[in-house]
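As they're listed, the protein sequences go chains B and R.
The first sequence maps to residues 1 to 224 in my numbering.
The second sequence maps to residues 1001 to 1224 in my numbering.
Don't be surprised by glycine CBs; every beta carbon is placed ideally from N, CA and C.
Quick caveat, the model's predicted, so the values are computed rather than measured.
Data first, discussion second: the structure below is written as structure tokens.
Protein chains: 2
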Amino acid sequence: MTELSTMKDGVANQAEASDRVLQILAEAGRLFASKGFEGTSMRDIALACGISKSLLYHHFSNKDEIYARVAVGSTLELYLFVRDRIPDGPPSQKIRAFMVATAEYFRRYRWAWIASTTAFWNDPDRSRHKERLTRRDRFENFLRGLIQEAIDAGEIRKVDVPMTGRLILSSLNWMHRWYNPNKSATPEQIAEVFFDMIFNGLRSGELVALPSPEPPKSGRRKSR
Amino acid sequence: MTELSTMKDGVANQAEASDRVLQILAEAGRLFASKGFEGTSMRDIALACGISKSLLYHHFSNKDEIYARVAVGSTLELYLFVRDRIPDGPPSQKIRAFMVATAEYFRRYRWAWIASTTAFWNDPDRSRHKERLTRRDRFENFLRGLIQEAIDAGEIRKVDVPMTGRLILSSLNWMHRWYNPNKSATPEQIAEVFFDMIFNGLRSGELVALPSPEPPKSGRRKSR
DNA sequence: GTTTTCACCGACCGATCGGTCAAGCCCGGC
DNA sequence: GCCGGGCTTGACCGATCGGTCGGTGAAAAC
């Protein structure tokens, strides 16, 4: 099993890569993340690395390959990374561990993560990302499995499983838009807070047993 | 007060604009949303509109202005749009209305919304978006005010207000990444579901504290 | 009837894009 | 000595970028 062996400078899973290649991947990831795929030129990457543009083509066949290495490196092992951090125990705690582990992955490979998640959606040629999509589905299905498990165990109420998964992933995936590594808490701590809010709810303690998924008063709707 | 008067083809707040300008804004918004700002050329926009590239420069001074009109149109009135849909009543219901109204705005101006939220983050020159940032802050502060109100009213527990706001906005802002207008429920319905999950929590209903006459269900009891 | 205005277009500009190529540079093995 | 091969380079390519220009034709204004 792949052991997530070589992780350096935030570039994951680039086992047999030379230092120069790792440098290129790190700089390219940072640039893709901040300026987007189309907004980043090969000259930008070369300049950031302090090398000539030609050298990029010595190590990579084209721009797409650089992006692919960056993106694949960031999502390749996310599923394995998270799965290996799910402890035995109550399903709700597995969900909590899922969120914390995902946040940890985000913290470690932040630039590559952002690059792959942002560039992907602006790319009209989605077929290029098929492998990435497959992994993403596996990751999301894994979470849905945990949620179903928690429902079956009676730990959480009978909510819509895909929607619950989307809510949880939203809280994690949107982090890169506001997370400031200098100011905020760690991503892991943030994930803990979000888990608490989603699992226990915001409502103050007096809760009655309420199996109905509907909000209390559906009335009042100001039309204008 | 601005009345959100002219909204056509999903292009908001373009009052005195001609049909052609509205067409350009609509097509540009759609293209920016799907291919990003850098990935969309002026030729692309002209082709999508069935006009010459020169005509774009007759109606707009440059590419940035087209983007600005698209982005400003989508966020200009978000705050007012949502504020006007907050009913009187319990603060928790105000938060619910906030989420539903934001979702409605997303549904109406989907392309412009996506274009402005995605292109913005890939733009190294953030100063261009200062006005947009100001509005975004006002919008977020408005939500935080509602949350604080709900805490003061005892409706929700003493959570971290900024973090709670981020969780709520995450659930709404991430929607454009997975929402499929042909398959899923309406954004408003999704917002209702998310509100229910966040407000009531996922945990199956057990009494916590409070002098409730009901006998606690035997068995499983989780602290926290 | 003439002039002004305005939506609109094709041709074109310099700059930059992704990508190529032939030729060094450097260094260990002979 | 000098020879090969991996790392590195600058000059260069065709295509496309955002943007400009002079002009056209028809309606509005005079």
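Cβ-heavy atom distance, residue i to the ligand FMN, below 7 Å
i	result
B:G201	In terms of ligand content, the structure shown is empty, and the ligand FMN therefore cannot be addressed.
Sequence-distant residues of the same chain with beta carbon closer than 7 Å to residue i, five excluded per side
i	result
R:E1027	I1045, A1048, C1049
B:K222	Caution is warranted here: a pLDDT of 43 is assigned to B:K222, below 50, making its placement in the model unreliable, and the coordinate value is therefore given only provisionally. None.
R:R1083	F1142
B:R43	K53
B:R226	Within the shown structure, residues of chain B are numbered from 1 to 224, placing residue 226 of chain B beyond reach of any answer.
R:K1147	According to the sequence shown, residue 1147 of chain R is Ile rather than Lys. Hits under 7 Å: I1095, V1161, T1164, G1165.
R:Y1067	F1032, F1037, A1119
Limits of the alpha helix (DSSP H) - the one that residue i falls within
i	result
B:S34	19–35
Cutoff 6 Å; reference residue i; Cβ partners in own chain excluding five residues on either side
i	result
B:S61	none
R:A1153	P1091
B:Q23	C49
R:H1176	I1114
R:A1033	W1111, I1114, A1115
B:F195	R96, M99
R:H1059	V1021
B:R69	L25
Cut-off 8 Å between Cβ atoms - residues of its own chain near residue i, not counting five sequence neighbours on either side
i	result
R:R1131	The identity of residue 1131 of chain R in the sequence shown is Glu, whereas the question assumes Arg. Once the five neighbours on either side are set aside, the close Cβ partners of R:E1131 are V1072.
R:Y1079	R1135, R1138, F1139, F1142
B:P162	R144
R:F1199	S1092, I1095, R1096, I1156
B:P87	Q93, K94, A97
B:P187	A103, E104, F106, R107, M175, Y179
R:E1192	R1096, M1099, V1100
R:M1035	It is Lys, not Met, that sits at residue 1035 of chain R in the sequence shown. Same-chain partners within the cutoff: D1044.
With 16 other Cβ atoms within 10 Å as the buried cut-off, status of residue i
i	result
R:N959	Here chain R comprises residues numbered 1001 to 1224, so residue 959 of chain R is not present and cannot be evaluated.
B:N180	exposed
B:S54	exposed
R:N1182	exposed
B:G89	exposed
B:E65	exposed
B:S116	buried
R:T1118	buried
B:Q189	exposed
B:L202	buried
R:K1217	With a pLDDT of 47 at R:K1217, under the threshold of 50, the modelled position of this residue cannot be trusted, and the question is left open.
B:S18	exposed
R:A1185	exposed
R:G1029	buried
B:G39	buried
R:L1238	Limits of chain R in this structure are 1001 at one end and 1224 at the other, which puts residue 1238 of chain R out of reach.
B:L133	exposed
Self-check item: Segments of 4+ residues assigned as alpha helix (DSSP H) that fall wholly inside the stretch 1048–1136 of chain R
Solution: 1053–1059, 1063–1075, 1078–1083, 1091–1108, 1110–1121
Quiz item: Could you give the uninterrupted runs of the alpha helix (DSSP H) lying entirely in the stretch 135–198 of chain B, keeping only those of 4 residues or more?
Solution: 161–173
Quiz item: What are the residues of the stretch 1160–1183 of chain R that lie near chain B, defined by any Cβ-Cβ distance shorter than 7 Å?
Solution: So the close ones are D1160, M1163, T1164, R1166, L1167, S1170, S1171, N1173, W1174, R1177, W1178.
Exercise. With 9 Å as the limit, tell me which residues of the stretch 1189–1206 of chain R have their beta carbon closer than that to any beta carbon of chain B; keep them in chain order.
Key: Residues passing the 9 Å Cβ filter: I1190, E1192, V1193, F1194, F1195, D1196, M1197, I1198, F1199, N1200, G1201, L1202, R1203, S1204, G1205, E1206.
Self-check item: the stretch 1030–1047 of chain R: positions lying closer than 8 Å to chain B by Cβ
Solution: S1034, K1035, G1036, F1037, E1038, G1039
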